[in-house]
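One point on numbering: in numbering that gives the first Met the number 0, the residue at position 48 of the sequence shown is 47, and numbering is uninterrupted.
Glycine included, C-beta positions come from ideal geometry on N, C-alpha and C.
Structure record follows, encoded as structure tokens.
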Amino acid sequence: MNAGWLRLFAVLSGVCAVAVFVFVLNAEAASAFLHWVEYLSAMPGLSGAFLLVLTIAVFIAGCFAANWIASGFR
Numbered sequence: 000m001n002a003g004w005l006r007l008f009a010v011l012s013g014v015c016a017v018a019v020f021v022f023v024l025n026a027e028a029a030s031a032f033l034h035w036v037e038y039l040s041a042m043p044g045l046s047g048a049f050l051l052v053l054t055i056a057v058f059i060a061g062c063f064a065a066n067w068i069a070s071g072f073r
């Protein structure tokens, strides 16, 4: 098995592990955090700004991960 497949499986395993931790094992804390961002923050619009920054950060991390995986297949 070459490095590309190992990197692909590593990234997919990491994403699945984070998803299980956040949404299955720690669902109450994730729900409480989202509730705080949406309803209890001092400024209106903070939830939208938070989601916008989070989306950009996830996209950049995904680009780095895709580049790392692709370099393993070269």
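Outcome for residue i when other beta-carbon atoms lying within 10 angstroms are tallied against a minimum of 16
i      : result
Ile-55 : exposed
Ile-59 : exposed
Extent of the continuous alpha helix (DSSP H) to which residue i belongs
i      : result
Arg-6  : 2 to 19
Gly-71 : 45 to 72
Glu-27 : 26 to 34
Residue i versus the options, residue with shortest Cα-Cα distance
i      : options                       : result
Phe-49 : Val-10, Ala-2, Leu-33, Val-23 : Leu-33
Cut-off 8 angstroms between Cβ atoms - residues of its own chain near residue i, not counting five sequence neighbours on either side
i      : result
Ala-18 : none
Close-in-space but distant-in-sequence residues of the same chain around residue i (CB under 7 angstroms, 5 per side omitted)
i      : result
Val-36 : Leu-45, Ser-46, Phe-49
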